[in-house]
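Colleague: My questions will all concern the structure given below.
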Amino acid sequence: MGARGKRRSSAAQWPQEAGCDLTSIGAIVQEKSVSETERLLLPSSVSFSSTAEMGLSLKQHFSPFQWSFVVATITEIPPVLFMPNFLVQRKVLKPLRTQTGGTIMAGKLAIERGWAINIGGGFHHCSSEKGGGFCAYADISLAIKFLFERIEGVSKATIIDLDAHQGNGHERDFMEDRRVYIMDVYNRYIYPGDGFAKRAIRRKVELDWGTEDAEYLQKVRTHVEGALNEVKSDIIIYNAGTDILDGDPLGGLAISPQGIIERDEIVFRAARKHGIPILMVTSGGYQKRTARIIADSLLNLHSLGLIGKELAAGEPERWK
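The sequence shown begins at 248 in my numbering and counts up by one.
As structure tokens, then:
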């Protein structure tokens, strides 16, 4: 996810909220008869009170947003500065809170069913203390904390962050937490360049401008396998940004549509091989063709049996 822009959408297996790109993704997937009605779930919008009910002390995630200038700064949308806060809450923040709720819901579903996908979320520049890069809520951190505190048997998590940008938000949140293993693959020359947060990365892969498919996929394959061999986690959080796509105005890489599909397949195959439940969030991506590529990737995963009702109806491999 980058410093500007974020596709509007929402989440889980597959929970959804109306939005331009999400509508396109949902239409394509439904056209192929992949997403049966019983697996379309709508997440609730999270709030301070709802997270408190989940046992999470997260007032700091919500209290700053009573001020429109704070939201304008985080979202990098200057006109928000002049909007009444009730409109900011309704038009800007509520969709982001719904996506955040989707990530939390998807985490629980992943543990129950072996996989879950939030078509949205992945606000990886937001920490529990500070937002940025159009990331107002730390959905990845919230989901992991929820799983640790509320779901029995979940005590270790691996974040595989393959967005083009460094995921400095979750890195700052789990800086001193050895229960969370972070692998981050990103363009070394772009936002946010957070040197302090890099200290939390256990497996760091920095890419150069214009990195193409062959080099990228080789590094992803090698390091995903290495990360999952290094630590046996109870959940994988896969931040699957598509701003790595060639021509993306913020990512600076040169990965083809097929390269993105292959990347997602590599991660899901590794999760299946190691018997670890996986939660995917879609994070950044700033081109119109992104929706089609995400849909094609989901259809590919389904055709390979890496996601779908056959896994949801049975036990994940790790429990057989």
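Where a beta carbon is used, it is the ideal one built from N, C-alpha and C, also for glycine. Note that the structure is a prediction, hence the values are computed from the model and not measured.
#1: Which same chain residues, not among the five before or five after Gly369, have their C-beta less than 8 Å away from its C-beta?
#2: If distances are taken between C-alpha atoms only, which option among Ala447, Val452, Ile358 comes closest to Glu423?
#3: Helix, strand or coil for Val452 per DSSP?
#4: Kindly list the residues whose CB is nearer than 8 Å to the CB of Ser550, restricted to its own chain and excluding five residues on each side of it in sequence; keep chain order.
#5: In chain order, what are the residue ranges of uninterrupted beta strand (DSSP E) at least 3 long that sit wholly in the stretch 394-438?
#6: Spatial neighbours of Ile412 within its chain, please: CB distance less than 8 Å, with the 5 preceding and 5 following residues excluded, ordered by chain position.
#7: Could you compute how far the alpha carbon of Ile275 sits from the alpha carbon of Ala542?
#8: Please report the distance separating the alpha-carbon of Ile554 from that of Ser271.
#9: Could you give the DSSP three-state label for Met527: helix, strand or coil?
#10: Starting from Ile484, trace the alpha helix (DSSP H) both ways and give me its first and last residue.
#11: On a Cα-Cα basis, can you pick out the residue from Gly506, Ile523, Arg519 that is closest to Lys479?
#12: At which residue ranges does the stretch 499-543 contain complete alpha helix (DSSP H) runs of 4 or more residues, listed in the order of the chain?
#13: Do you know offhand how far Trp362's Cα is from Gly552's?
#14: Quick check on Leu492: does DSSP put it in helix, strand or coil?
Modeller: Reading from the atomic positions:
#1: Same-chain partners within the cutoff: Met248, Thr350, Asp386, Ile387, Asp410, Asn486, Ala487, Gly488, Val528, Thr529, Ser530, Gly531.
#2: Ala447
#3: It is a strand residue.
#4: none
#5: 404-408, 427-434
#6: It should be pointed out that residue 412 corresponds to His in this sequence rather than to Ile. Around His412: Met248, Gly249, Ala250, His371, His372, Gly380, Tyr433, Asn434, Ile437, Tyr438, Pro439, Gly488, Asp490, Leu497, Gly498, Gly531.
#7: 6 Å
#8: 20 Å
#9: strand
#10: Ile484 -> not in any alpha helix (DSSP H); beta strand (DSSP E) instead, spanning 482-486.
#11: Ile523
#12: 504-521
#13: 12 Å
#14: Residue state, collapsed to three classes: strand.
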